[in-house]
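Chemist: The sequence shown runs 92 to 477 under the numbering used here. We treat Cβ as the ideally placed atom computed from N, Cα and C, and that holds for glycine.
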Amino acid sequence: MAIPFLQVARVGAYVVKQHLAGRKRYPLALMLEPLFRCNLACSGCGKIDYPDPILDQRLSIQQCLDAVDECGAPVVSIAGGEPLLHRDMPAIVEGIIARKRFVYLCTNALLLEKKLDQYQPNPYFVWSVHLDGDRDMHDASVCQPGVYDRAVQAIRAAKARGFRVNINCTLFNNAQPAQVASFFDTLKGIGVDGITVSPGYAYERAPDQQHFLARNKTRQLFRDILELGRGGKNWAFSQSSLFLDFLAGNQTYHCTPWGNPTRTVFGWQRPCYLLGEGYVNSFRELMDGTDWDAYGTGNYEKCADCMVHSGYEASAVADTIAHPLKAMGVSLRGVRTKGAMAPDILLDKQRPAEYVFSEHVAIKLSEIGGTKHARQRAEAVAAQGR
Ligand code: SF4
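#1: Return yes when the C-beta of Leu121 is under 8 Å from any heavy atom of ligand 1, and no when it is not.
#2: Should Cys260 be listed as close to ligand 2, given that the test is whether its C-beta is under 8 Å from any heavy atom?
#3: Check this for me: beta carbons of Ala120 and Val167, under 9 Å apart or not?
#4: In three-state DSSP terms, what is Arg442?
#5: Taking just the CA atoms, how far does Asn264 sit from Leu203?
#6: Counting C-beta neighbours from all protein chains within 10 Å, is the total for Gly402 16 or more, i.e. buried, or is it exposed?
#7: State buried or exposed for Phe357, treating a residue as buried only when at least 16 other CB atoms are found within 10 Å of its CB.
#8: Mind checking if Ile281 is an interface residue toward chain D, Cβ cutoff 9 Å exclusive?
#9: May I ask which residues mark the beginning and end of the alpha helix (DSSP H) holding His481?
#10: Does ligand 1 have even one heavy atom less than 8 Å from the beta-carbon of Leu397?
#11: For the alpha helix (DSSP H) holding Thr309, just list the boundary residues, first then last.
#12: Under the assumption that Thr353 contacts Met122 (Cβ atoms under 8 Å), give the Cβ distance between them as a whole number of angstroms.
#13: Are Ser406 and His451 close, meaning C-beta to C-beta below 9 Å?
#14: Would you say the beta carbon of Pro348 is closer than 8 Å to some non-hydrogen atom of ligand 1?
#15: Quick check: the Cα distance between Gly460 and Pro144, rounded to an integer number of angstroms?
#16: In the structure shown, what three-state DSSP assignment does Leu123 receive?
#17: At which residues does the alpha helix (DSSP H) containing Pro181 begin and terminate?
#18: Let me know the secondary structure DSSP gives Tyr370 once reduced to three states.
#19: Sort Met180, Asp227, Gln154 by Cα distance to Asp208 and report the nearest one.
Next up, the structure:
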């Protein structure tokens, strides 16, 4: 596992403290999205398809630090949009590190070399570069040639300056196990410190709805990939061993959406990083006022195929604390890639999907604009969503 000892120790102590305090729900990683604007337009993205007035919104330094303080999670993942487009990002990162929280700064790396001087290596800081596979896979995923090569060049530059660099990789249904395994091998040569891998989630606003994985395909794909790397032991994953075991179909987990609470320019997002089904003004309102049982695989149609780390890594971490020997066994032996899979959650009682997202966009547009033009756009967006 490619997580530094300091982080394992601090996050482990935090989780144990929550358990000893009898807290049923607690956050593990804050997903902070200070903007939705991006300099790419990936077909699988559910974040960038907003009208310009919303893409122009930014969380301020103070709003970001208030979110970190309110939430209290030991890890902060700064996503977007492209965070490096936010001119105050160095101050936001500095403020979070000063609070001794581990910062994962997600980036597509197009601006990384240009901005490197604005950051300093720190045990609490890691670049998390988006790479969805090798050159062919990644450039197809981000719908632009040359992005893979620029990202790899930026990773090398960051490593040369002494930064920790992870990659975050989303796999779709056209992923070939041998190609993915070879890509993971290549990352070692580039000097990447850790890999976060996850199946894609079909955001209702993503332009491309064709290439997302269903649950059974996900489990078999991860078995086939991990099989090529000694159950995953060949590669430095920045994830818990039991989350990988879950991806390979060896664990039945219910999702833990409160484990990765999300703060965006809309507010605190209900219920998770992936679904925008409502927004509230405070972290406390999110935790206490969300009907958590209404979500998750088996409960809600939109959750049926989800196996994403932002929903299930916290489930795996809780299981690790409850069953440390099981987790250690998977780490030592590697993930099992043969034999029967764990039973999956039945979907026969799930409630149907609700399509409420466009209304939130419309409300935000009204708040921002107040002009006749903004109101007209808001009404048009709301009408599209009905
Ligand atoms: S299963 Fe959990 S993480 Fe996935 S979309 Fe549903 S609520 Fe979100």
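Modeler: In short:
#1: Translated into the one-based positions of the sequence shown, residue 121 becomes position 30. Answer for Leu121: no, Cβ out of range of ligand 1.
#2: This structure does not include ligand 2; its bound ligands are ligand 1.
#3: On the sequence shown, residue 120 is found 29 positions in, with the first residue counted as 1. On the sequence shown, residue 167 is found 76 positions in, with the first residue counted as 1. Taking 9 Å as the cut-off, the beta carbon of Ala120 is found closer than this to the beta carbon of Val167.
#4: Counted from its first residue, the sequence shown places residue 442 at position 351. DSSP places Arg442 in strand when its eight states are reduced to three.
#5: Translated into positions along the sequence shown, residue 203 becomes position 112. Translated into positions along the sequence shown, residue 264 becomes position 173. Our two residues, Leu203 and Asn264, have alpha carbons roughly 29 Å apart in a direct line.
#6: Translated into positions along the sequence shown, residue 402 becomes position 311. That one is buried.
#7: Here residue 357 refers to the residue found at position 266 when the sequence shown is read from its first residue. Its Cβ being crowded by 16 or more others within 10 Å, Phe357 is buried.
#8: The structure shown contains no chain D, having only a single protein chain.
#9: Shown here, the chain extends from 92 to 477; a query on residue 481 therefore has no answer.
#10: As a working mapping, residue 397 is identified with position 306 in the sequence shown. It should be noted that the sequence gives Cys, not Leu, for residue 397. Flag set: Cβ of Cys397 near ligand 1.
#11: As a position in the sequence shown, residue 309 is number 218, starting the count at 1. Where Thr309 is concerned, the enclosing alpha helix (DSSP H) starts and stops at 306-318.
#12: By 1-based counting over the sequence shown, the position of residue 353 is 262. By 1-based counting over the sequence shown, the position of residue 122 is 31. In this structure, Thr353 and Met122 form a Cβ contact; the two beta carbons are roughly 4 Å apart against a cut-off of 8 Å.
#13: Along the sequence shown, read from residue 1 onward, the residue named residue 406 stands at position 315. Along the sequence shown, read from residue 1 onward, the residue named residue 451 stands at position 360. Not closer than 9 Å, so no.
#14: Here residue 348 refers to the residue found at position 257 when the sequence shown is read from its first residue. Yes, the beta carbon of Pro348 sits closer than 8 Å to at least one heavy atom of ligand 1.
#15: Residue 460 sits at position 369 when you count from the first residue of the sequence shown. Residue 144 sits at position 53 when you count from the first residue of the sequence shown. For Gly460 and Pro144, the distance between alpha carbons rounds to 8 Å.
#16: Position 32 of the sequence shown, counted from the first residue, corresponds to residue 123. DSSP places Leu123 within a strand segment (E or B) once states are collapsed to three.
#17: For the purposes of this step, residue 181 is taken as residue 90 along the sequence shown, with counting starting at 1. 180-189 is the extent of the alpha helix (DSSP H) around Pro181.
#18: Residue numbering aside, residue 370 sits at position 279 when the sequence shown is read from its first letter. Tyr370: strand per DSSP, three-state reduction.
#19: Looking up residue 208 in the sequence shown gives position 117. Closest in C-alpha terms to Asp208, from the list Met180, Asp227, Gln154, comes Met180.
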